[in-house]
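My numbering applies: residue 46 is where the sequence shown begins, and numbers increase by one. Every residue, glycine too, gets a C-beta built ideally from N, C-alpha and C. None of the values given here were measured: they were computed from a predicted structure.
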Amino acid sequence: MGDVVRFVPKSELERARLIAEARAIYDSIFPPAIPDRVPRDGEERVKT
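The following block contains the structure:
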């Protein structure tokens, strides 16, 4: 029965949502480098 309920302001929720959306857009433009990824059919291996 000692649970603590934290109320989060709408502005904080909106800020977190916008950051997540921006991160998704950034990752779609600049995909994170995966050095050990095996190329799929028709893809060339990325040279490092």
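For residue i, three-class secondary structure by DSSP
i: residue 72; result: helix
i: residue 79; result: coil
i: residue 51; result: coil
i: residue 85; result: coil
Distance, residue j Cα to residue i Cα
i: residue 65; j: residue 53; result: 17 Å
i: residue 62; j: residue 74; result: 19 Å
i: residue 51; j: residue 68; result: 26 Å
i: residue 49; j: residue 70; result: 35 Å
i: residue 46; j: residue 56; result: 29 Å
i: residue 77; j: residue 59; result: 25 Å
i: residue 85; j: residue 79; result: 13 Å
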